[in-house]
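Below is one structure, written out as structure tokens; comments come after it.
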Amino acid sequence: AVGALRHAIRRHPERFLDKGRYSMDWYYPVLGGALTGAEAEARIAEGWDRFVVPGLGVRCVVPNPWVTGGESAELALALWAVGESDRALEILQSIQHLRDPKTGLYWTGYVFDARTIWPEELTSWTAGSLLLAVAALGGDEPTCAVFGGERLPLGLDAECC
């Protein structure tokens with residue numbers, strides 16, 4: 008099943024509903040290890056200008072003027088996985104404006120057109136994705152093993168085409 012899913016993502020994107028406006032559907036194939044090497048690099052390059060807002064983070068949904076900590080941290084983790092640690096660090100640095108000075112936690116998102124935090128919530132998934140990205144960049148062995156994908160099975164190659 009792993010091999011068939013990887014094959015479908017890589018060779019048959021038409022089999023999936025179009026979710027091109029969501030940033031997670033742009034970088035998840037890289038984050039999950041379905042796309043690696045040159046394919047992963049091309050995928051990241053293809054969506055970069057559409058989803059990354061320089062100095063602020065990663066849009067959740069295009070065309071909405073909203074960046075989120077969770078999507079930004081997940082993209083940083085995907086960048087790390089393809090050997091782009093410097094760009095991963097830049098993305099994490101760009102979301103420091105989401106850090107609440109009182110608690111040290113990160114707000115879920117920021118509407119940059121209105122210059123306001125929204126929604127006003129400090130979510131566990133934002134914290135979790137940030138912790139995973141920082142752990143990978145810091146060389147935490149278990150995190151690197153999972154998100155580096157080197158010890159995960161690729162599955163059998165699909166023979167449909």
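Per this note's numbering, the very first residue in the sequence shown carries number 8; after that it's consecutive. Glycine residues also receive a C-beta, built at the ideal position from the N, C-alpha and C atoms. Since the structure is predicted, the reported quantities are computational estimates derived from the model, not experimental observations.
Query raised in the report: Whose C-beta lies closer than 8 Å to the C-beta of residue 113 among residues of the same chain, with five residues either side of it excluded?
Result: Here the set comprises 76, 102, 105, 106, 107, 129, 133, 134 and 137.
Query raised in the report: Whole alpha helix (DSSP H) runs in the region 73-116 with 4 or more residues, listed along the chain?
Result: If we require 4 residues or more, the alpha helix (DSSP H) runs fully inside the region 73-116 come out as 76-88 and 92-101.
Requested in this report: Please classify residue 64: is it buried, with 16 or more other beta-carbons within 10 angstroms of its beta-carbon, or exposed?
Outcome: Its Cβ being crowded by 16 or more others within 10 Å, residue 64 is buried.
Query - Which listed residue (127, 48, 31 and 117) has its alpha carbon closest to that of residue 81 - result: Nearest to residue 81 by C-alpha distance, out of 127, 48, 31 and 117, is 31.
Query raised in the report: Anyone know if the C-beta pair for residue 120 and residue 72 falls short of 7 Å?
Result: For residue 120 and residue 72, yes; Cβs fall inside 7 Å.
Query raised in the report: Under three-state DSSP, which class holds residue 150?
Result: Of the three classes helix, strand and coil, the one that applies to residue 150 here is helix, per DSSP.
Query - Boundaries (first-last residue) of the alpha helix (DSSP H) holding residue 17 - result: Here the alpha helix (DSSP H) through residue 17 covers 9-18.
Query - Separation of residue 8 from residue 146, as counted between CA atoms - result: Cα to Cα, the separation comes out at about 30 Å.
Requested in this report: Pick out whichever of 153, 118 and 74 has its Cα sitting closest to the Cα of residue 98.
Outcome: Here the closest residue by C-alpha is 74.
Query raised in the report: How about residue 40 and residue 164: do their beta carbons lie closer than 7 Å?
Result: Result no, Cβ atoms of residue 40 and residue 164 do not sit closer than 7 Å.
Query raised in the report: Which residue comes first and which comes last in the beta strand (DSSP E) that contains residue 65?
Result: Going by DSSP, residue 65 is part of the beta strand (DSSP E) stretching over 64-66.
Query - CA-to-CA distance, residue 126 to residue 116, given in whole angstroms - result: Rounded to whole angstroms, residue 116 to residue 126 spans 6 Å at the Cα level.
Query raised in the report: For residue 50, which residues from the same chain have a beta carbon less than 6 Å from its beta carbon, with the 5 sequence-adjacent residues on both sides left out?
Result: Here the set comprises 37 and 42.
Requested in this report: Name the one or two DSSP bridge partners that residue 124 has.
Outcome: Residue 124 is bridged to 117.
Query raised in the report: I think residue 89 touches residue 47, with their Cβ atoms under 8 Å apart; what is that distance to the nearest whole Å?
Result: About 5 Å; that satisfies the 8 Å criterion.
Query - Where residue 59 falls: helix, strand or coil (DSSP) - result: In the three-state scheme derived from DSSP, where H, G and I count as helix and E and B as strand, residue 59 is classed as strand.
Query raised in the report: Can you tell me where the alpha helix (DSSP H) with residue 141 in it begins and where it stops?
Result: Element bounds for residue 141: 131-144.
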